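The block underneath contains the structure these notes are about, expressed in structure tokens.
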Amino acid sequence: MKYNFDEIISREGTNSIKYDARQRVFGNEEVLPMWVADMDFRTPDFVISALRQRLEHEILGYTFRGNEFNEAIVSWMKKRHGWDVEAAWLSFSPGVVPALNMLVMALTEPGDRIIVQPPVYFPFFGAIRENGREIVENPLVLKNGRLNMDLDDLKQKAAGARMLLLCHPHNPGGSVWTPHELETIAHICIDNDVLMISDEIHSDLIFKGHQHIPLASLSPEVAALTVTCNAPSKTFNLAGLATSYLIIPNKQLLEKYNRMINDQLHAGMGNLFGAIALQAAYEHGEEWLEQLLDYVHQNVNLVREYLQQNIPQITMIEPESTYMIWLDCRALGFSAGKLKDFFVDDARLGLNEGAMFGSGGEGFMRLNVACPRQVVQWAMEQLMVAVKEIGNLE
């Protein structure tokens, strides 16, 4: 393997949210942090090299994103996902979460009903609630070890709704939505004139045997009602550079969004280094990404096998994508708050508690395995000892 993902690099003292905010988040700065969705691997060398080259100019004034920024996105979408994106469809955001909020403000009205599919990435709820819209839940169903859509329920909920926030692929469950699921939700939304906002930030992190299909690529009719949000940040560990993009084929929707970010909020300039990093990552990142996916999937295998052999009371939802694992801890018998306390105080692990992801999250924990394998091994060993101490293992 060309790239070394086994290297353990200290992130303490860098204002890392994952590491340096442990006391504030968990009340314990000694926990092994495996929560927030960034990686403990080095940002790829070709990205660092591009940033260093630009720094040598030594003037960091106002800049705009050149054509090469859009061209890199268009090329990446074609070679990774087989989707022919036009540069004219592209817009910018400092992050997918800000984009979700701006889209809610720009494309809906106060009081509008917006559908989410819990358990789901928790900022979805805030983007609706904090902007004065109404949350409509279409809960996912855990069946045969996978979080699945309840399409019959969605059909009922879509009547009278204005927007659907889709997590595609799904965070925290790792489901890669199938062509049938995507086509069905698209038809439901088209029939009810429901806008589809597809958060596809994890779409590059797909494990073998599965394929990501961009929602808007299904047909021009679907594309006309779809806004796709994406970024290189999860894929290449660039979250600190605050750079993401939107793909909006519908010109009217694009104009409304651009008016929001550029004219109302004046937030469209972006980050000089984020643009450079995106271009470098998308132009040179395929080999690195393939090796990353192999390594992360081996970490997933480690967790599955360790749980089966040593902690059978905890099971995992088999992820089809992402480096997050959805752990089913319900057999331990803890309430939501007590479960987090057990992980922090007894197992000394800092994970996201499932309840924060909404309905269906109670009794689950989200584990980040985008880290050196030794760290995953330590986490499993600490968890095993803690479970033994509460008498849940024979």
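Under the working numbering, the letters of the sequence shown match residues 72 to 465, in that order.
Ideal Cβ placement from N, Cα and C applies to all residues, glycine included.
Everything numeric in this text was worked out from a predicted model, so none of it was measured.
Counting only runs that start and end inside the segment 157 to 210, the beta strand (DSSP E) elements of at least 3 residues fall at 161 to 164, 184 to 187 and 205 to 208.
Runs of beta strand (DSSP E) with 3 or more residues, each lying fully within the segment 286 to 338, are found at 297 to 301 and 315 to 318, listed in chain order. Remark: fewer than three beta-carbon pairs, one from each stretch, lie closer than 8 Å, so the segment 191 to 205 and the segment 369 to 388 are not flagged as touching. Your pair Ala402 and Gln384 checks out as a contact, with CB atoms roughly 4 Å apart and the cut at 8 Å. Closest option to Leu289, judged by alpha-carbon separation, among Asp334, Pro115, Gln323 and Ala257: Ala257. With 16 or more other Cβ atoms inside 10 Å of its own Cβ, Glu424 counts as buried. Ser392 is positioned such that its CB atom lies no closer than 8 Å to that of Gly153. Under DSSP, Asp270 shares a beta bridge with Cys238 and Cys300. If you draw a straight line from the Cα of Asp365 to the Cα of Asp77, it comes to about 13 Å. Taken through DSSP and simplified to helix, strand or coil, Glu254 comes out as helix. In the three-state scheme derived from DSSP, where H, G and I count as helix and E and B as strand, Phe135 is classed as coil. By the neighbour-count criterion, in which a residue is buried when 16 or more other Cβ atoms sit within 10 angstroms of its Cβ, Leu131 is exposed. For the pair Asp270 and Leu454, the Cα-to-Cα distance works out to about 32 Å. Excluding residues up to 5 positions away in sequence, Val207, Glu208, Asn209, Leu225, Lys228, Ala229, Ala232, Met234, Leu235, Leu236 and Val265 lie with their Cβ nearer than 8 Å to the Cβ of Ile186 in the same chain.
Under the three-state reduction of DSSP, Ser146 is assigned to helix. For the pair Val167 and Gly462, the Cα-to-Cα distance works out to about 43 Å.
In the structure shown, Leu422 adopts coil according to DSSP, grouped into three states.
Judged by beta-carbon spacing, Phe428 lies beyond the 8 Å limit of Pro115, meaning their Cβ atoms are not closer than that value. Between the alpha carbons of Leu325 and Thr179 lies a gap of roughly 14 Å.
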